[in-house]
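Q:
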Amino acid sequence: MSSPLADEPVEPAGDDAEPLDADECADYLDDLGDAWEVVDDHHLEASYEFPDFETALAFTNDVGELAEEEWHHPDIALSWGEVGIEMWSHEVGGLTRADFVMAARMDRLYADYDE
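Quick note on numbering: the sequence shown equals residues 119 to 233 in this note's numbering.
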């Protein structure tokens with residue numbers, strides 16, 4: 119089951135936006151799958167596992183398409199059977215709601231591979 123966050127819009131941070139604080143991050147993190155963690159109250163990291171390189175690559179491409187659609191681009195590390203994601207909002211130097219929405223959408227993409 120995907121998080122309701124996955125259905126929310128990915129809204130860019132405004133000019134005067136501040137990064138989320140630790141409590142806000144914890145609240146949003148509760149809505150995500152187990153793959154995600156908040157690191158140093160600054161960025162999100164996840165690791166998704168796959169049975170082979172080809173499937174990991176397909177997921178990577180799906181994440182890339184999502185990132186282009188939403189103009190919100192994570193760092194992606196592809197290796198045999200694993201895709202690592204690191205994400206934060208560069209314009210605020212930390213996490214925003216948009217990062218958690220993107221994470222929820224990536225979880226939803228992964229659900230199609232994890233069946």
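We treat Cβ as the ideally placed atom computed from N, Cα and C, and that holds for glycine. It should be emphasised that the depicted structure is a prediction, and the values quoted were computed from it without experimental measurement.
Residues in the same chain with beta-carbon distance under 6 Å from Gly151, minus the five sequence neighbours each way, listed in chain order, please.
A: Asp225
Q: Please go through the segment 138 to 203 and give each complete beta strand (DSSP E) segment of 3 or more residues, from N-terminal end onward.
A: 154 to 157, 161 to 167, 193 to 197
Q: Whose C-beta lies closer than 7 Å to the C-beta of Asp158 among residues of the same chain, with five residues either side of it excluded?
A: Beyond the five residues adjoining it in sequence on each side, Asp158 comes within less than 7 Å, by CB distance, of no other residue in the same chain.
Q: Quick check: Phe168 and Gly199, are their CB atoms within less than 7 Å of each other?
A: Phe168 places its beta carbon less than 7 Å from that of Gly199.
Q: Comparing C-alpha positions only, which one of Leu196, Glu126, Val128 sits nearest to Glu164?
A: It should be noted that the sequence gives Ala, not Glu, for residue 164. The shortest Cα separation from Ala164 among Leu196, Glu126, Val128 belongs to Leu196.
Q: Looking at the secondary structure, which residues open and close the alpha helix (DSSP H) in which Val219 lies?
A: 215 to 231
Q: Does the Cβ of Pro137 have 16 or more other Cβ atoms within 10 Å, making it buried, or fewer, making it exposed?
A: Here Pro137 is buried: its Cβ has 16 or more other Cβ atoms, across all protein chains shown, within 10 Å.
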